[in-house]
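J.: One structure is given below, represented as structure tokens, and several questions about it will come after.
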Amino acid sequence: MRRIILLIVLCLLFSCERKKPNFSEEMIEMLADRGDTINGAVRLPPPPPSFSDIYIRTNSNQIMLTDGNELFFFYKKYYSKEFKSFKFFLNEVLNKEFVFDNKLLKNPKYPKRFKINPKIEKDYSALGFNKFLEKYSKASSRKGELELNKSNLKNDEYLTIAYFLYINRYDISQDCYLGKDYIYKREDYFEFYN
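Last residue of the sequence shown? That's 231 in my numbering, and every number before it is there in order.
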């Protein structure tokens, strides 16, 4: 009987463990900063490079690919009455899986939307994240860095892999000149630029 009680207590402890947020408070602060007003004009800071791609779910079972500036537009146009500040809105969207109403997004092609590729989703579920990362990455010529292994990937497969990396606190940085996509931990990149 004691063993059963001990197992129940352990299960409760582990189930109550807080999940690490996808975006830290500092990252939310950085994204929420919309710049200063100088002589009545707003001077926006450039979006942080590590947050160029943000993936959001819609209520039509699609993933929307956007960025911090577009989120600010959505907040101002559709959600400013629902949330007391852009910072609170960002926290809901980035850390609490806020689902966007697809009807509000009038243009079906913008921002870019896609459905999760079933083949990639099956790999992700079967392998677990670490093996998934290993399968879809390769060592980079730059010491200590990973590249996305893009060989033979279709567009929806690429986007699905990028999404699964994103929800596991990894991002992709594209080097258009070399045609390589580098994978990095979001918190490491943030610390580098902070």
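C-beta atoms are modelled at their ideal positions from N, C-alpha and C, and glycine is treated no differently. Everything numeric in this text was worked out from a predicted model, so none of it was measured.
With DSSP run on the structure shown, which of helix, strand or coil describes Phe-151?
T.: Strand.
J.: How would you write the range of the alpha helix (DSSP H) that Thr-95 sits in, first residue to last?
T.: No alpha helix (DSSP H) holds Thr-95; DSSP gives it neither H nor E.
J.: Pick out whichever of Ile-100, Asp-104, Ser-162, Phe-123 has its Cα sitting closest to the Cα of Asp-138.
T.: The candidate whose alpha carbon is nearest that of Asp-138 is Ile-100.
J.: Could you tell me which residues DSSP puts in a beta bridge with Ile-91?
T.: Its beta-bridge partners are Thr-103.
J.: Please name the residue or residues paired with Ser-210 in a DSSP beta bridge.
T.: Paired residues: Tyr-219.
J.: With the cut-off set at 8 Å, would you say Glu-194 and Tyr-219 are in Cβ contact?
T.: No, the Cβ-Cβ distance between Glu-194 and Tyr-219 is not below 8 Å.
J.: Based on DSSP bridge pairs, tell me the residues matched to Phe-137.
T.: BP columns for Phe-137 point to Thr-95.
J.: With DSSP as the reference, please indicate the residues paired to Glu-184 in a beta bridge.
T.: Answer is Lys-175, Tyr-219, bridged to Glu-184.
J.: Mind reading off the beta-carbon distance from Pro-148 to Thr-103? Whole number of angstroms is fine, and I expect it under 8 Å.
T.: 4 Å between Cβ atoms; contact.
J.: For Asn-192, which option in Ile-93, Phe-151, Asp-70 has the closest C-alpha, if you only look at C-alpha atoms?
T.: Checking every option, the nearest Cα to that of Asn-192 belongs to Phe-151.
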